[in-house]
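Okay, structure first, notes after.
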Amino acid sequence: MDNFSYYRPESLSDAIDAARVEGADILAGGTTMVDLMKIGVREPEALVDITGLPGLEGYEIGADRIEFGALARMADVASDDAMKDAAPVLTESLWKAASPQLRHAARLGGNILQRTRCPYFRDTAYAQCNKRDPGSGCAALDGGLTNLHAIFGGSDACVAMYPGDFAQALIAFDASVSTQGPGGTRTIPFDQLHVLPGDTPQVETVLEPGEIVTGITVPVIPALKASHYLKARDRESYAFASASAAVGVEMDGDTVRDVRIGLGGVASVPWRATEAEEFLKGGPLTEDTAREAGRIAFADATPLEGSAYKIPLGADVVAGALLTAKSRMNGGE
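Here the working numbering = 1-based position in the sequence shown + 770.
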C-alpha cells in the first residue's frame, strides 16, 4: 500500500472541498476501499474520511417515505424491527450481505457504490482489465473464467458484475439518492445512478468529483410491506449472489395490482425486470405465473459460456421470491 494523506473533515462542505481534489477518494465504512488499496487496485493520494460527519447516520420510517442517511450502518437497519415490518426486502437484502463484522462497519452510502468483485479487476497480476486500466482489454472476454460475470448490461469492453444486494431492492422500489457537491445539491433517481460499462467501464456512476451521497429515499407503497429478498449463493454466509431477486407484490383479491422485481448477481449495474413485472400485472400470481415471470425476466440474457447457469437459477429465484412475497400479504409470513 502506497503512502497517502488522511483527512477527517468536520463539516460536509469541508469534505466536498477535500474530495474534489484530484487523487482524493472518499472513505466511509472503508470495508471495500481498504481492500482495494491493499491489493493495489486503488492508490489514492488522499483519503477523506466522512464517517464522523454529523447528521448522516439516522434513518426514519414515514407515512409516505423511508429516509436513510448515507452513513446509517447496514447492521442497524438490518436489525430494526420496525423496518423489518415496514420493508422486509430492505432489511433482508442488508442482513444477507457480507459478514456481521462488515455489516457493523459498512454504511449504506458506501454500500451502493461498492466496486465489482470481478477477479480480473481485483487481481493486478492480470494485465487486462478495462475497468482498472482503460484500454488494456478484458481478460474475461479473452478466454478467461466467466462464472462470476454479468449476463445483462455487459459490453465488448467489460462484463464485470455489480455485486451489491441492497441496490436491487432500491431499484425495484423507485428509490432516489440525495447528493451534495461543488455544484450544489441534487436528487438522482436510483435507476440513473449507475452507468452501463459501454466503452468506458471505468466510469461507474454519474457522480461528479467531490460529490458525496448524503441520503437515500424509498417511497412507501403497499408492495414494500409484502416483499422479499431471495439470494442464491455458493455458501450461506459472506458470499456474493450467483443470482438474487428483490420483489414486492400488491394484490387486489387474486389479481396482481403492482409488482416489483430487481435482479442481483447477474448484471453490470442494479437491474430491474420490467417485462416480467408487466406480464404479472392484472393477472393471478400462482406458481405457474411466477415461474413464467422468472423465465421472462431472463429471456434477454446474453451469457458467456461460464455464466449460462445463471439463467435457470435466476428464473427459479425470481419465482420463489414472488411466492414468498405473496404469502406476506395481510401480515402472513
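Built from N, CA and C at the ideal position, the CB exists for glycine as well.
{"Asked": "Three Cβ pairs or more, each shorter than 8 Å: is that satisfied between the segment 1051-1069 and the segment 981-990?", "Found": "no"}
{"Asked": "Pull up the DSSP beta-bridge partners for E1062, would you.", "Found": "Note: E1062 sits in no beta bridge, so no partner."}
{"Asked": "Between which two residues does the beta strand (DSSP E) containing E1020 stretch?", "Found": "A1011 to D1022"}
{"Asked": "Using 7 Å as the cut-off, classify the Cβ of R1061 as near or not near the heavy atoms of the ligand FAD, replying yes or no.", "Found": "Summarising the ligand content, the structure contains no ligands, and the ligand FAD is consequently not present."}
{"Asked": "Anyone know if the C-beta pair for L782 and Q972 falls short of 8 Å?", "Found": "no"}
{"Asked": "When you compare only the Cα positions, how much space is there between H998 and F891?", "Found": "31 Å"}
{"Asked": "Nearest by alpha-carbon distance to L1083: which of A1002, L1055, E1006 and T1072 is it?", "Found": "A1002"}
{"Asked": "Given a cut-off of 8 Å, decide if A867 and T801 are closer than it, judged by their beta-carbon atoms.", "Found": "no"}
{"Asked": "What is the rounded straight-line gap between the Cα of D851 and the Cα of A857?", "Found": "10 Å"}
{"Asked": "Going along the chain, which residues of its own chain have a beta-carbon closer than 8 Å to the beta-carbon of W865, five neighbours each way excluded?", "Found": "A848, S849 and R873"}
{"Asked": "Report the CB separation of A879 from L841 in whole angstroms; it is logged as a contact under 8 Å.", "Found": "Reading the sequence as shown, one finds Gly at residue 879 and not Ala. Contact holds; Cβ gap of about 6 Å."}
{"Asked": "For the segment 954-970 against the segment 1026-1033, do three or more pairs of beta-carbon atoms, one drawn from each stretch, fall closer than 8 Å, so that the two count as touching?", "Found": "no"}
{"Asked": "So T987 is in the beta strand (DSSP E); what residue range does that whole segment cover?", "Found": "I982 to P989"}
{"Asked": "Assuming V818 contacts A845 (C-beta within less than 8 Å), just tell me the rounded distance between them.", "Found": "The pair is not a contact, with the Cβ atoms about 24 Å apart (cut-off 8 Å)."}
{"Asked": "Measuring straight from C-alpha to C-alpha, what distance separates Q884 and D926?", "Found": "22 Å"}
{"Asked": "Tell whether a beta-carbon distance below 8 Å holds between S863 and A1016.", "Found": "yes"}
{"Asked": "My output table needs one value for E837: the three-state DSSP class, helix, strand or coil.", "Found": "strand"}
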